[in-house]
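S.K.:
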Ligand code: FO1
């Protein structure tokens with residue numbers, strides 16, 4: 358079994374590629390829930406949904422989130438009422454949030470509801486929210502404290518951040534399924550997701566970091582920073598704002614003590630020796646997953 362620590366889009370693409378080169382049923386993903394929010398009384402889990410939709414082949418490639426063939430009638434009506442419509446929920450996507458919220462209201466937990474949604478979408482990868490407890494990633498900014506989606510969507514991740522807080526993480530318990538997936542995996546992979554706001558909220562849940570430290574030799578990570586830049590999202594800017602080096606070396610240092618093998622991009626081949634000096638193994642390959650063949654090659658490298 359392979360277990361992948363996962364944020365949203367980057368992790369979804371890696372998981373999809375891994376499904377091409379191994380049995381999906383042998384794959385587990387431990388997924389960040391720090392981006393989750395309650396809006397209009399609905400519980401929304403963006404990273405879990407991005408992965409589910411991508412693995413089901415239903416993801417909206419243009420937007421990078423949500424479902425393909427989406428329509429927006431509910432949001433238009435909400436706009437007309439002057440309702441809160443900055444976080445856009447498509448008509449099709451809304452069904453997921455309605456279903457999840459109903460089931461949570463009936464007493465199911467997030468892990469159970471995620472499994473139900475995966476079964477309905479035909480997704481065989483085991484998607485595991487890192488915890489069923491409430492965890493909320495928040496930002497100290499020039500505009501004051503912002504929740505994840507206020508920072509990310511409402512302010513287009515353009516405001517300067519002075520600190521990231523994963524509220525609730527230290528009291529949150531990882532689920533039994535998560536602990537099992539971490540302990541039994543032959544290899545643990547850290548996806549090329551944002552280290553500060555997608556992976557760290559997983560690591561901060563009690564006990565998760567300790568297991569990675571113990572299993573360091575079996576941990577493989579893919580750098581999300583290529584040639585000093587993030588392909589998508591604010592990872593590069595956040596690294597800089599929070600005092601980290603903006604390169605694959607900065608990411609290697611951020612995960613110090615947790616990773617045995619690094620996969621860095623060909624564009625960073627000149628930094629391979631510097632990474633090796635940190636006492637880790639290094640593989641250099643294409644890490645950009647825009648083309649299916651490249652994504653599959655990366656998946657094979659991660660498993661090799
Ligand atoms: N991202 C946006 O940029 N604008 C949105 O209105 C938006 C809505 C949305 C609804 C459901 C969902 O699952 C994701 C959504 N996202 C939206 C993406 C999301 O905010 C982020 O990409 C992730 O949280 C970061 O991983």
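Numbering (the numbering used here), first residue to last: 358 to 661.
No residue lacks a Cβ here, since even glycine has one placed at the ideal position from N, Cα and C.
If you draw a straight line from the alpha carbon of residue 454 to that of residue 629, how long is it in whole angstroms?
M.R.: Taking the straight line joining both Cα atoms gives about 43 Å.
S.K.: What do you reckon, is the C-beta of residue 450 under 7 Å from a heavy atom of the ligand FO1?
M.R.: At least one heavy atom of the ligand FO1 is nearer than 7 Å to the Cβ of residue 450, so yes.
S.K.: Relative to the ligand MG, is the shortest distance from any of its heavy atoms to the C-beta of residue 418 smaller than 7 Å?
M.R.: The ligand MG is not among the ligands present in this structure, which contains only the ligand FO1.
S.K.: Can you list, in chain order, the stretches of the beta strand (DSSP E) that have 3 or more residues and sit fully within the segment 540-568?
M.R.: Those beta strand (DSSP E) runs which fall completely within the segment 540-568 and span 3+ residues are 544-547.
S.K.: I need the DSSP call for residue 454, collapsed to helix, strand or coil.
M.R.: If DSSP states are grouped into helix, strand and coil, residue 454 belongs with the helices.
S.K.: State the start and end residues of the unbroken alpha helix (DSSP H) segment that holds residue 432.
M.R.: Here the alpha helix (DSSP H) through residue 432 covers 430-438.
S.K.: Is residue 445 near the ligand FO1, judged by its Cβ being under 7 Å from some heavy atom?
M.R.: Checking every heavy atom of the ligand FO1 against the Cβ of residue 445, one is found closer than 7 Å.
S.K.: Three-state secondary structure (DSSP) at residue 382?
M.R.: Here residue 382 sits in helix by DSSP.
S.K.: Round the Cβ separation of residue 619 and residue 603 to the nearest angstrom and send it over; I've been treating them as touching at under 8 Å.
M.R.: About 16 Å; that fails the 8 Å criterion.
S.K.: Check whether the segment 571-579 and the segment 595-615 touch, using three or more Cβ-Cβ pairs below 8 Å as the test.
M.R.: Flag = yes, the segment 571-579 and the segment 595-615 touch.
S.K.: Would you say residue 384 and residue 371 are within 8 Å of each other, going by their C-beta atoms?
M.R.: No, the pair does not count as a contact, with Cβ atoms beyond the cut-off.
S.K.: Closest to residue 562 by CA distance: which of 389, 378, 368 and 369 is it?
M.R.: When only C-alpha atoms are compared, the closest one is 389.
S.K.: Are there three or more Cβ pairs, one per stretch, closer than 8 Å when the segment 396-410 is compared with the segment 441-455?
M.R.: With the cut-off at 8 Å, the segment 396-410 and the segment 441-455 touch.
S.K.: Can you list, in chain order, the residues of its chain whose CB lies under 8 Å from that of residue 358, leaving out five sequence neighbours each side?
M.R.: Closer than 8 Å at Cβ, skipping near neighbours: 383, 384, 385, 538, 541, 542 and 543.
S.K.: By the 10 Å Cβ neighbour count, where 16 or more other Cβ atoms means buried, how is residue 406 classified, buried or exposed?
M.R.: So residue 406 ends up on the buried side.
S.K.: Going by DSSP, name the residue or residues bridged to residue 522.
M.R.: Beta-bridge pairing links residue 522 to 495.
S.K.: Since residue 576 is in the beta strand (DSSP E), which residue starts that stretch and which ends it?
M.R.: That run of the beta strand (DSSP E) goes 576-579.
S.K.: Answer yes or no: do residue 660 and residue 378 have a C-beta to C-beta separation smaller than 8 Å?
M.R.: The answer is yes: Cβ separation under 8 Å.
S.K.: Taking buried to mean at least 16 other C-beta atoms within 10 Å of its own C-beta, is residue 564 buried or exposed?
M.R.: Residue 564 comes out exposed.
S.K.: First and last residue of the beta strand (DSSP E) that includes residue 639?
M.R.: Unbroken beta strand (DSSP E) run through residue 639: 638-642.
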